[in-house]
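Comments concern the structure below.
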Amino acid sequence: MEDDIKTIEDLSLNAWPSHQMEVYDGWILRFSYFYTHRTNCVEQIGVSCLPLDEKIEYCERMYRRWQTPCIFKISPIGNPLLDSALEERGYEIQHRTTVMTKNLREAPLLQVPPTDLPIHIENQASYAWIEGLFTLKHTTNIIHRRIVPSMYAAIPKDEIAVSIQSGERIVATGLGICDRDYVGVYAIHVAEEYRRRGYATAIVTTILKEARRMGASHAYLQVVTDNAPAKTVYRGLGFREQYRYFFRVGGMCL
Numbered sequence: 033m034e035d036d037i038k039t040i041e042d043l044s045l046n047a048w049p050s051h052q053m054e055v056y057d058g059w060i061l062r063f064s065y066f067y068t069h070r071t072n073c074v075e076q077i078g079v080s081c082l083p084l085d086e087k088i089e090y091c092e093r094m095y096r097r098w099q100t101p102c103i104f105k106i107s108p109i110g111n112p113l114l115d116s117a118l119e120e121r122g123y124e125i126q127h128r129t130t131v132m133t134k135n136l137r138e139a140p141l142l143q144v145p146p147t148d149l150p151i152h153i154e155n156q157a158s159y160a161w162i163e164g165l166f167t168l169k170h171t172t173n174i175i176h177r178r179i180v181p182s183m184y185a186a187i188p189k190d191e192i193a194v195s196i197q198s199g200e201r202i203v204a205t206g207l208g209i210c211d212r213d214y215v216g217v218y219a220i221h222v223a224e225e226y227r228r229r230g231y232a233t234a235i236v237t238t239i240l241k242e243a244r245r246m247g248a249s250h251a252y253l254q255v256v257t258d259n260a261p262a263k264t265v266y267r268g269l270g271f272r273e274q275y276r277y278f279f280r281v282g283g284m285c286l
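Quick note: the sequence shown, position 97, residue 129 per our numbering, numbers continuous.
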């Protein structure tokens, strides 16, 4: 179980690079101008030697320098003392996340359900796909719109970029990242007025089918724990909960 979690944690780091990263005594400090919690947090990736309080204070100084909140990702495989130490310092819990997995070997051959609009597949996240994602996420921050394309370009693995379009407009997206014998499912977004048409199911199924063709035997995804509609879709596709993680968030001026 712990080995499986460590594998998925490693794969997710490969799948979603940050704008800037620093390795520090078994931790990695990720910085992306606070685009997302995952790309702007401290993650535990190895054995630590330095005292815990010293390390926390160093991270606080770095994120204060970067002028973003100091955030720590708390997962089942990290130092169990970190969470309580951060709680004592006033860090709040945000973004509880559920990681779900699916064994593609045990699954029957996937059939993509029909949709009333065409599904497009690309071998990387193109400029048009990223612009469509920005629109779906209402991303207007100028810095984010500048750095995020370079973050997608830095993904070192094979990609499966899927979209559904209405005319020239992208109304739904999904991204598969293939690494070893896994595929990670990311960026599932559907425009509000196009929901409940089965687009998310069709996109995820398309990613899994393409990934299986490319040799993947396992799939994983991450979903906000209280996002019941999304979890219902994923369960319907055969995904089951593997573990959970959350973030401890401090201020910018600790």
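Using N, Cα and C, we set each Cβ at its ideal position, and we do this for glycine too.
Report task. Would you kindly work out how many angstroms separate the C-alpha atoms of Arg280 and Ile235, rounded to a whole number? Result -> C-alpha separation (whole angstroms): 32 Å.
Query raised in the report: What's the C-alpha gap between Ile125 and Phe278?
Result: So the alpha carbons of these two residues sit roughly 7 Å apart.
Query raised in the report: Any contact of the segment 97 to 104 with the segment 261 to 277, i.e. 3+ C-beta pairs under 8 Å?
Result: Because the criterion of three Cβ pairs below 8 Å is not met, the segment 97 to 104 and the segment 261 to 277 do not touch.
Requested in this report: Go through its chain and collect everything with a Cβ distance to Arg276's Cβ below 6 Å, but skip five positions before and after it.
Outcome: In the same chain as Arg276, and ignoring 5 residues on each side of it, the C-beta atoms closer than 6 Å to its own belong to Thr130, in chain order.
Query raised in the report: Whose C-beta lies closer than 6 Å to the C-beta of Glu54 among residues of the same chain, with five residues either side of it excluded?
Result: Same-chain partners within the cutoff: Leu61.
Requested in this report: Given a cut-off of 8 Å, decide if Asn155 and Glu200 are closer than it, judged by their beta-carbon atoms.
Outcome: 8 Å or more divides the Cβ of Glu200 from the Cβ of Asn155.
Requested in this report: Answer with buried or exposed for Thr237, where buried requires no fewer than 16 other C-beta atoms within 10 angstroms of its C-beta.
Outcome: Here Thr237 is buried. Its C-beta has 16 or more other C-beta atoms within 10 Å.
Query raised in the report: Between Ala47 and the rest of its own chain, which residues show a CB-CB distance below 7 Å, the 5 nearest in sequence each way excluded?
Result: Once the five neighbours on either side are set aside, the close Cβ partners of Ala47 are Ile187, Lys189, Ile209, Asp211, Gly216, Tyr218.
Query raised in the report: With distances taken from CA atoms, which of Pro145, Met132, Thr68 is nearest His51?
Result: For His51, the nearest C-alpha among the options comes from Thr68.
Report task. Using three-state DSSP, classify Asp258 as helix, strand or coil. Result -> In the structure shown, Asp258 sits in coil (DSSP, three-state: anything other than H, G, I, E or B).
Query raised in the report: Counting Cβ pairs, one atom from each stretch, are 3 or more of them under 8 Å apart for the segment 150 to 166 and the segment 178 to 186?
Result: The segment 150 to 166 makes contact with the segment 178 to 186: 3 or more CB pairs, one atom from each, lie closer than 8 Å.
Query - Own chain partners of Asp213 with C-beta closer than 8 Å, once the 5 adjacent residues on each side are dropped - result: Excluding five sequence positions before and after Asp213, the CB atoms of its chain that fall closer than 8 Å to its own CB belong to Gly247, Ala248, Ser249, His250, given in chain order.
Query raised in the report: Can you name, in chain order, every residue of its own chain whose Cβ lies under 6 Å from the Cβ of Glu19, other than the five neighbours on each side?
Result: Not covered by the structure: residue 19. The range shown for the chain is 33 to 286.
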